[in-house]
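Colleague:
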Amino acid sequence: MAFILTFLGKGGTGRTTIAIAAAKKLAQQGKRVLLLGQDSSPAFGVALGATLSLDPQEISPNLHAVQLQTATLLERSWEEVKKLEAQYLRTPFFKEVFGQELGVLPGMDTALALNAIREYDGSGKYDAIVYDGSGDQSTLRMLGLPETISWYIRRFRKLFVESDLGRTLSPAIQLAASTVLTNVSFVGDNFAQPTGQVNDLLEQGKQAVNNPQRMAAYLVTTDDPAAIATAQYLWGSAQQIGLTVGGVILNRASGTN
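With numbering that gives the first Met the number 0 as the guide, the letters of the sequence shown map in order to residues 0 to 256.
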């Protein structure tokens with residue numbers, strides 16, 4: 000498991016520059032580092048001084064970097080969805096839909112980025128992952144997704160199972176499922192097994208966010224009052240999702256993020 004590091008702060012405070020510097024420092028210490036850039040524009044590659052691709056590439060000893068492209072992440076994730084569908088459905092219907100056909104909906108970029116971080120973390124290839132995202136509320140909402148989705152699953156599954164509609168439809172659902180699905184055995188709560196794998200992944204995500212040995216964020220600010228106020232706001236927001244803030248970096252250097 001890798002240590003995941005990100006930086007929060009107002010735009011223009013130098014977060015990207017600091018993320019790159021942190022990644023290089025960790026690599027110099029002998030750690031295997033992956034630097035992930037959320038910005039799909041050429042700016043990230045220019046700041047790093049390298050031309051990046053859709054897959055991790057070596058920038059210097061121990062340091063790899065990748066520029067996340069939402070469309071590509073969506074296409075790859077869709078292929079994984081189709082593989083899962085093939086495991087559970089006797090007659091898969093997603094197989095006729097190709098990832099290249101799908102449009103990117105609002106919010107997909109952060110969700111797909113979180114999944115990419117999870118996959119790179121689980122690969123065992125890296126000791127540290129430095130994520131250079133938007134550094135604002137969007138990043139925090141992304142990191143809070145496991146808790147949010149987990150709550151929705153628990154809450155609405157419980158409501159449905161305990162409702163008159165749920166109790167009425169339960170036998171029919173079990174009968175239909177036994178006809179349509181494969182590799183699934185329903186006992187008690189008919190929805191327990193299909194959501195079990197999802198719940199396991201969400202729990203791993205929550206534990207990572209709440210564990211300071213696994214993930215941390217640093218606030219980046221300048222002496223600009225607006226930047227300071229933004230850093231204070233993001234510190235409070237980070238506490239709400241249980242994300243450890245390791246410290247505050249006061250960037251006195253001039254230049255833009």
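For each residue, glycine too, the CB sits at the ideal point set by N, CA and C.
#1: What is the DSSP secondary structure of Y130, counted as helix, strand or coil?
#2: Does the region 19 to 37 touch the region 233 to 246, meaning 3 or more C-beta pairs lie closer than 8 Å?
#3: Considering M107, what are the terminal residues of the alpha helix (DSSP H) in which it resides?
#4: Taking contact to mean at least 3 C-beta pairs separated by less than 8 Å, is the region 200 to 215 in contact with the region 129 to 146?
#5: If you drop the 5 nearest sequence neighbours on each side, which residues of the same chain put their C-beta closer than 6 Å to that of A18?
#6: Give every residue of the same chain whose Cβ lies closer than 6 Å to the Cβ of E57, excluding the five residues on either side of it in the sequence, and list them in chain order.
#7: Quick check on the burial criterion: 16 or more other C-beta atoms within 10 angstroms. Buried or exposed for L113?
#8: What are the partner residues of L25, as DSSP defines its beta bridges?
#9: What is the DSSP secondary structure of L34, reduced to helix, strand or coil?
#10: Please work out which residues of its chain come closer than 7 Å, Cβ to Cβ, to G29, disregarding the five sequence neighbours upstream and downstream, and give them in chain order.
#11: For G106 and M0, I'd like the C-alpha separation in whole angstroms.
#12: If you follow the beta strand (DSSP E) that G56 is part of, which residue opens it and which one closes it?
#13: Closest to G235 by C-alpha separation, out of A127, A216 and A22, would be which residue?
#14: Would you give the residue range spanned by the beta strand (DSSP E) that L249 belongs to?
#15: In whole angstroms, what is the alpha-carbon distance linking L53 and V65?
#16: Within the same chain, show all residues whose beta-carbon is closer than 8 Å to that of Q251, passing over the 5 residues directly before and after it, in chain order.
#17: How would you label Y151, buried or exposed, when you count the other beta carbons within 10 angstroms and need 16 or more for buried?
#18: My assumption, with CB atoms under 8 Å, is that Q37 sits in contact with L73. Please give the rounded CB distance.
#19: Roughly how many angstroms lie between the CA atoms of L155 and S149, to the nearest whole one?
Modeller: According to the structure data:
#1: strand
#2: no
#3: M107 to G121
#4: yes
#5: F6, V129 and D131
#6: H63
#7: buried
#8: Looking at the DSSP assignment, L25 forms no beta bridge with any residue, so it has no partner.
#9: strand
#10: N61
#11: 26 Å
#12: The sequence shown places Gln at residue 56, rather than the Gly named in the question. From DSSP, the beta strand (DSSP E) with Q56 extends over Q56 to S59.
#13: A216
#14: V244 to L249
#15: 6 Å
#16: In the sequence as displayed, the identity of residue 251 is Arg instead of Gln. The residues are T221 and D222.
#17: exposed
#18: Rounded, the Cβ-Cβ distance is 14 Å, inconsistent with contact.
#19: Note that residue 155 is Phe in the sequence shown, not Leu. Taking the straight line joining both Cα atoms gives about 10 Å.
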